[in-house]
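Participant: Read in order, the letters of the sequence shown correspond to residues 9 to 77 in the working numbering.
One structure is given below, represented as structure tokens, and several questions about it will come after.
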Amino acid sequence: MQNGYKCEDCEVAIWPATTRSELSWLKDRVHVVREVAKHSHGGLDMWIAEGLEFLNEHQGHSIITVTKR
Ligand SMILES: [Zn+2]
């Protein structure tokens, strides 16, 4: 099972290597994580960097957490 984010406006999805609960966590705290990322200089976990990039790219769009087999 893979978990990811989908942008309902653009019809695109990403599938970072992490759990659904971590993806929800990131989505709920994106404002905080974005600030942390500014000061971490590449020290973020891969899935956080990947997820954050997607959330930034689709700011203001309708993003949902999705699961596929
Ligand atoms: Zn979008």
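Glycine residues also receive a C-beta, built at the ideal position from the N, C-alpha and C atoms.
Between which two residues does the alpha helix (DSSP H) holding A21 run?
Facilitator: That residue, A21, is in no alpha helix (DSSP H); its beta strand (DSSP E) goes V20 to I22.
Participant: Using only Cβ atoms and a threshold of 6 Å, which residues come within that distance of a heavy atom of ligand 1? Order them by chain position.
Facilitator: Qualifying residues, in the order they occur: C15, D17, C18, H66 and H69.
Participant: DSSP three-state label for G68, please.
Facilitator: Three-state DSSP puts G68 in coil, outside helix and strand.
Participant: Please work out which residues of its chain come closer than 6 Å, Cβ to Cβ, to H66, disregarding the five sequence neighbours upstream and downstream, and give them in chain order.
Facilitator: Cβ within range, chain order: C15.
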